[in-house]
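Counting in the numbering used here, the first sequence runs from 1 upward without gaps.
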Amino acid sequence: MPELPEVELARRYLEDHVLGRRISRVKVLDEGILEGVGPEALREYLMNLSFTAAKRHGKQLFLELEERGCLTLHLGMTGGLSFSAEDGPPAKHDRLLLDFEDGGQLVFNDQRKFGAISYSPSKRRYIMQKHLGPDALMISRRDFVERVGSHDRAVKTTIMDQHVVAGIGNLYSDEILFQARVHPMVLSSSVRSRGLGRMRDIVRTVLQASLQVGTDFSQLPRGFMLRDRSAGAPCPRRNGRLESLVVGGRTAFICPSCQPSP
DNA sequence: AGTACCACCTGACGGC
DNA sequence: TGCCGTCAGGTGGTAC
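Structure (structure tokens):
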């Protein structure tokens, strides 16, 4: 599920559960989720330390360590984190376990193994190294207009490009473009600056609305297409029915009346 | 600077 | 019940 709002919830969850606990065991159940690190190196890196802060940039999570860089986590498509006071038998698709000295345990579970765990000297370094764009909730209007407007490709593809702006995925891009009344295939370079400025405000509105309802789409305000994002579903503005199309290899949902094709 | 396609991996769902 | 194709919200690589 994870796009920016889901990852932000995970960040808050980590903040509430793992900060200040001393790591007493690192168990890698599947090396496939480690990115550029061996299980032994990861174990050495984390052992006997504790996390001091949980941070996020776009869809990327960072658990900072006392004086020693940070653990980086990406949830991929199916990744999730859970903390429990007592450790039980590993569940299906559990990939990494961190035990804490006080008995608690953090589990990283990821069915499809598109998630990634690594470590880095700092959040800043990691963002630079991966060439991630500004966070979708932090980006200024001016920056958004300039970055999105400078690409000659479908606007949906552009706003989902993590190098342009970090945090927007397939689902939220549909909602943003629906709210902005812009067809996903419109070239982002052809949207006027005013339109892009408005779009960046809509990005905030949409992501914050989702956060407010704890990413439970059924609780989103009326007028949000994510409440029922499916072909044939009624347009939330009552302008017809939603249709699907493929843009940049991803399935997009639009209201053909609200979002006229270019 | 774009695109299209493939890959990673697992499971759910519909048709036969 | 089983087999098969298709699809899924992520990213990254390659070839054009």
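Think of the CB as a built atom: it goes at the ideal place given N, C-alpha and C, for glycine as much as any other residue. Note that the structure is a prediction, hence the values are computed from the model and not measured.
- Beyond the five residues adjoining it in sequence on each side, V203 comes within less than 6 Å, by CB distance, of A136 and I176 in the same chain, given in chain order.
- Nearest Cα to G223 within the set G115, P2, C255 and R12: C255.
- Annotation: the continuous beta strand (DSSP E) that includes S120 extends over A116 to S120.
- In this structure, F178 keeps its C-beta atom at 8 Å or more from the C-beta atom of V165.
- Between the alpha carbons of S190 and D102 lies a gap of roughly 57 Å.
- Going by beta carbons, L75 and G115 fall inside the 8 Å limit.
- Non-local C-beta neighbours of A154 in its own chain, meaning closer than 8 Å and more than five positions away in sequence, comprise P184, M185, V186, L187, S188, V247 and G248, ordered along the chain.
- L196 and T251 have their C-alpha atoms some 22 Å from each other.
- Remark: C-beta atoms of K59 and L4 approach each other more closely than 8 Å.
- Counting only runs that start and end inside the region 141-173, the alpha helix (DSSP H) elements of at least 4 residues fall at 141-149 and 155-160.
- Contact check for F108 against L71 fails: the beta carbons are separated by 8 Å or more.
- A straight line joining the alpha-carbon of L14 with that of G20 spans about 11 Å.
- Note on P2: 16 or more other CB atoms within 10 angstroms of its CB, so buried under the neighbour-count rule.
- R237 is a Cβ neighbour of C258, given a cutoff of 8 Å.
- Beta-bridge annotation (DSSP): F100 is paired with I23.
- Straight through space, the alpha carbons of Q111 and D201 are spaced by roughly 34 Å.
- Contact annotation: the region 39-47 does not touch the region 123-133, with fewer than three C-beta pairs closer than 8 Å.
- Shown here, V107 sits in a strand according to DSSP, grouped into three states.
- Within the DSSP bridge table, the entry for V247 names R250 as partners.
- In this structure, DSSP gives L71 an extended state, which the three-state scheme calls strand.
- For T78, the three-state secondary structure derived from DSSP is coil.
- In this structure, the beta-carbon distance from L49 to R25 does not fall below 8 Å.
- In this structure, the CA atom of R181 is about 17 Å from the CA atom of R227.
- For Q162, the closest C-alpha among the options E66, V148 and G38 is that of V148.
- Pairing Y172 with V206 gives a Cβ-Cβ distance under 8 Å.
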